[in-house]
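Numbering (my numbering), first residue to last: 1 to 399. Yeah, the Cβ is synthetic: ideal placement off N, Cα and C, and Gly gets one too.
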C-alpha cells in the first residue's frame, strides 16, 4: 500500500487576496490532468457522442499542426518559405495576398542563418497567418460546437425512443452539420439557437487564445535562440531551436486536445439540457479514470431540469441550460482578516449543465419516463441524415 506524503505549506504570511488566489489555483489544479501523467489527456471520453467528436476534431487540428511544424522544419534547413496556400481553406487568411507576397519575398532574400530578429518575428507571423489565423478559430469553433450541440439534441431523441446503442449515436454525431448556416431554423427552439450561438463564440475565443499563446511562445523561443547565438552559447545552434520548437508543438497539441474535450463536452451536454422540458430528469455520469473529487461526488446523482429563468432554483438538485461554474470557487475556504473562513454554498462549484471544469469528461443520460419530448421536425430532419448514410431512422413518434 502506498503511503501518501503530507506536506504543510504555510501561506498565512501573504495578503488575503494573494492567499485566495493561491487556494483557488491549488483546488482547480486538482481537477486538471496531472502534468506528470499526460497520457490521461488522451483517454477516451465515456460518452460515445463526445468521444467521436473529440476524435474527429483531434484529426483535424493535428493535420494542421503537422503542416505548420513541417514547414518550420523545412525553413530551418534552408528550403525557403515556399507556397503555403494549399493548406488553407478559402477565406481563412487575414493578410492580403500583397502582404503575404511581400513578407515571403523579404524572407527569401536571405538564408535562415542570416535572419535578423525582426526576420524571425515576421516568419512566425507569416506561418501563423497561413495556418492558424482568427478565421480558423471561428471555423473550428463552428465545426465542433454546432455538431456537438445538435448531437446532444440527437441523444435526447434516441433515448426518448429507448435507443441507447453507442455505435449508432456516435455515427449520428459524425454526420451532423458542421456550420450554423446549414442548420434549418425550424428544427430548433429559440433556447437551442441561443445555446449554439454561445457555444460557437466561446469555442472560437478559446481556440484563438491558444493560437495567440502559441505565437508568443514561438517568438520567445526564437528570441532566446537569437540571444544565445549572439553570445556564442550552444543554445544558439539550429538543432537546439528545432528541439525547442518541437516541444512547443507538443504543448500546442495538448492544448488543442483540452479544448476538444472541454468544448465538445460543454456544447453536447448543454444541447441535451436545452432540449428537455422543465420537470424532466437527468442523471450525471462521471465514471472515468482521473475524475476529480467534485465530479466523483455528483456521479450517479439525478437532477430535475428547470427553466433558466425560473424564479426559484436549487443549484444542488436542479439543472438548467446555461448553468456553469464560471465565477464560482473550487476552494472550500477563503481568506479574511480573521483567518480562513468556509465559503458559502452560493460561492462554490455546483453541478453545471455542461462540463464541471476544463477537460471534464462527464455527461448526462435522461431518466425521464416518458422520455424527452423532442420535436417531430427535428426527428424527421435527423432521420433524413440517417437514411442518407445508410443508418436506421429513429422515426418521429407522431409523424
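Going by alpha carbons, who is nearest to residue 350 out of 328, 114, 343? Reading the chain shown from its first residue, position 350 is the one you call residue 350. That would be 328, whose Cα lies nearest to the Cα of residue 350.
Have a look at residue 50 and residue 236 and give me their C-alpha separation to the nearest angstrom. Residue 50 sits at position 50 when you count from the first residue of the chain shown. Residue 236 sits at position 236 when you count from the first residue of the chain shown. Rounded to the nearest angstrom, the two C-alpha atoms are 44 angstroms apart.
If we ignore side chains and look at the alpha-carbon of each, how far apart do residue 119 and residue 255 end up? As a first step, residue 119 must be located in the chain shown, where it is residue number 119. As a first step, residue 255 must be located in the chain shown, where it is residue number 255. Rounded to whole angstroms, residue 119 to residue 255 spans 27 angstroms at the Cα level.
Mind checking who residue 363 pairs with in its DSSP beta bridge? Numbered from its first residue, the chain shown carries residue 363 at position 363. 285.
Where does residue 386 fall in DSSP's three states? Numbered from 1 along the chain shown, position 386 holds the residue referred to as residue 386. Residue state, collapsed to three classes: helix.
Grab the span of the beta strand (DSSP E) containing residue 340 for me, first residue to last. Reading the chain shown from its first residue, position 340 is the one you call residue 340. Residue 340 -> beta strand (DSSP E) spans 339-342.
With a cut-off of 8 angstroms on the beta carbons, I'd call residue 210 and residue 259 a contact; round off their distance for me. For the purposes of this step, residue 210 is taken as the residue at position 210 of the chain shown. For the purposes of this step, residue 259 is taken as the residue at position 259 of the chain shown. Rounded, the Cβ-Cβ distance is 6 angstroms, consistent with contact.
What are the boundary residues of the beta strand (DSSP E) that includes residue 302? Residue 302 sits at position 302 when you count from the first residue of the chain shown. Run containing residue 302: 302-305, per the beta strand (DSSP E) assignment.
In chain order, what residues of the same chain lie with their CB nearer than 7 angstroms to the CB of residue 319, ignoring the 5 residues before and after it? Position 319 of the chain shown, counting from 1, holds the residue named residue 319. If we look at residue 319 and ignore the five residues flanking it on each side, its Cβ neighbours are 273, 282, 303, 305, 351, 353.
Assuming residue 124 contacts residue 222 under a Cβ cut-off of 8 angstroms, what Cβ separation, rounded to an integer in Å, is found between them? For the purposes of this step, residue 124 is identified with residue 124 of the chain shown, where counting begins at 1. For the purposes of this step, residue 222 is identified with residue 222 of the chain shown, where counting begins at 1. 7 angstroms between Cβ atoms; contact.
Proximity to residue 133 [Cα-Cα], best of 101, 96, 169: Looking up residue 133 in the chain shown gives position 133. Nearest option by C-alpha distance: 96.
Distance, Cα to Cα, residue 385 vs residue 69? For this step, residue 385 is matched to residue 385 along the chain shown. For this step, residue 69 is matched to residue 69 along the chain shown. Rounded to the nearest angstrom, the two C-alpha atoms are 37 angstroms apart.
Taking C-alpha atoms, which residue in 179, 135, 171, 368 lies nearest to residue 145? Stepping through the chain shown from its first residue, residue 145 is reached at position 145. Residue 145 has its Cα closest to that of 179, out of 179, 135, 171, 368.
Rounded C-alpha distance that separates residue 357 from residue 368: Position 357 of the chain shown, counted from the start, is the residue given in the question as residue 357. Position 368 of the chain shown, counted from the start, is the residue given in the question as residue 368. Each residue's Cα considered, the two are about 26 angstroms apart.
In terms of alpha-carbon separation, which member of 377, 324, 143 lies closest to residue 57? One-based indexing of the chain shown puts residue 57 at position 57. Ranking the options by Cα distance to residue 57, first place goes to 143.
Boundaries (first-last residue) of the beta strand (DSSP E) holding residue 52: Within the chain shown, residue 52 is the residue found at index 52, counting from 1. It is not in any beta strand (DSSP E) - residue 52 instead sits in the alpha helix (DSSP H) that spans 48-76.
Whole-angstrom distance between residue 141 and residue 172, CA atom to CA atom: For the purposes of this step, residue 172 is identified with residue 172 of the chain shown, where counting begins at 1. For the purposes of this step, residue 141 is identified with residue 141 of the chain shown, where counting begins at 1. Approximately 19 angstroms between the Cα atoms of the pair.
Other residues of its chain near residue 126: CB distance less than 6 angstroms, five sequence neighbours each side excluded: Within the chain shown, the letter at position 126 stands for residue 126. The answer, listed in chain order, is 103.
In whole angstroms, what separates the C-alpha of residue 422 from that of residue 54? With the chain covering 1 to 399 only, the question about residue 422 has no answer from this structure.
Spatial neighbours of residue 110 within its chain, please: C-beta separation below 8 angstroms, excluding the five flanking residues on both sides. On the chain shown, residue 110 is found 110 positions in, with the first residue counted as 1. The residues are 119.
Please specify which runs of the beta strand (DSSP E), each continuous and at least 3 residues long, are wholly inside the segment 121-167, giving them in chain order. none
Hey, is residue 140 close to the ligand FMN, as in C-beta under 8 angstroms from one of its heavy atoms? This structure lacks the ligand FMN; in fact it carries no ligand of any kind.
Reduced DSSP category for residue 99 - H, G, I as helix; E, B as strand; rest coil: Residue mapping note: residue 99 aligns to position 99 of the chain shown, counting from 1. Helix at residue 99.
Between residue 268 and the rest of its own chain, which residues show a CB-CB distance below 6 angstroms, the 5 nearest in sequence each way excluded? To locate residue 268, count along the chain shown from 1; it is residue 268. Correct list, in chain order: 49, 50, 148, 151, 152.
Who pairs with residue 336 in a beta bridge, going by DSSP? Sequence index remark: in the chain shown, residue 336 carries index 336 (1-based). Residue 336 is bridged to 339.
Per DSSP, the bridge partner or partners of residue 329: Here residue 329 is taken as the residue at index 329 of the chain shown, counted from 1. 348.
Residues in the same chain with beta-carbon distance under 7 angstroms from residue 219, minus the five sequence neighbours each way, listed in chain order, please. Walking along the chain shown from the start, residue 219 turns up at place 219. Around residue 219: 121, 124.
One question on the structure: do residue 364 and residue 284 come within less than 9 angstroms of each other, judged by their Cβ atoms? As a working note, residue 364 is residue 364 in the chain shown. As a working note, residue 284 is residue 284 in the chain shown. Contact flag set, yes.
Are residue 76 and residue 253 close, meaning C-beta to C-beta below 9 angstroms? Counting from one through the chain shown, the residue named residue 76 turns up at place 76. Counting from one through the chain shown, the residue named residue 253 turns up at place 253. Going by C-beta atoms, residue 76 is not nearer than 9 angstroms to residue 253.
DSSP beta-bridge partners of residue 319: In the chain shown, residue 319 corresponds to position 319, counting from 1. Paired residues: 305.
Here's a check: name, in chain order, each residue in its chain whose Cβ is nearer than 8 angstroms to the Cβ of residue 20, leaving out the five neighbours to either side. For the purposes of this step, residue 20 is taken as residue 20 along the chain shown, with counting starting at 1. So the qualifying residues of the chain are 331, 334, 335.
Length of the line joining the Cα atoms of residue 116 and residue 251: Working through the chain shown from its first residue, we reach residue 116 at position 116. Working through the chain shown from its first residue, we reach residue 251 at position 251. Looking at the two C-alpha atoms, the distance is approximately 26 angstroms.
Hey, residue 161 and residue 371: beta-carbon distance below 9 angstroms or not? Taking the first residue of the chain shown as 1, we reach residue 161 at position 161. Taking the first residue of the chain shown as 1, we reach residue 371 at position 371. For residue 161 and residue 371, yes; Cβs fall inside 9 angstroms.
Which residue marks the beginning of the alpha helix (DSSP H) containing residue 261, and which one marks its end? By one-based count along the chain shown, residue 261 stands at place 261. Annotation for residue 261: the continuous alpha helix (DSSP H) segment containing it runs 238-275.
With residue 225 as the anchor, note down where its alpha helix (DSSP H) starts and where it stops. Residue numbering aside, residue 225 sits at position 225 when the chain shown is read from its first letter. 190-230 is the extent of the alpha helix (DSSP H) around residue 225.
Span separating the alpha-carbon of residue 277 from that of residue 373: If you number the chain shown from 1, residue 277 lands on position 277. If you number the chain shown from 1, residue 373 lands on position 373. Approximately 7 angstroms, taken between the alpha carbons.
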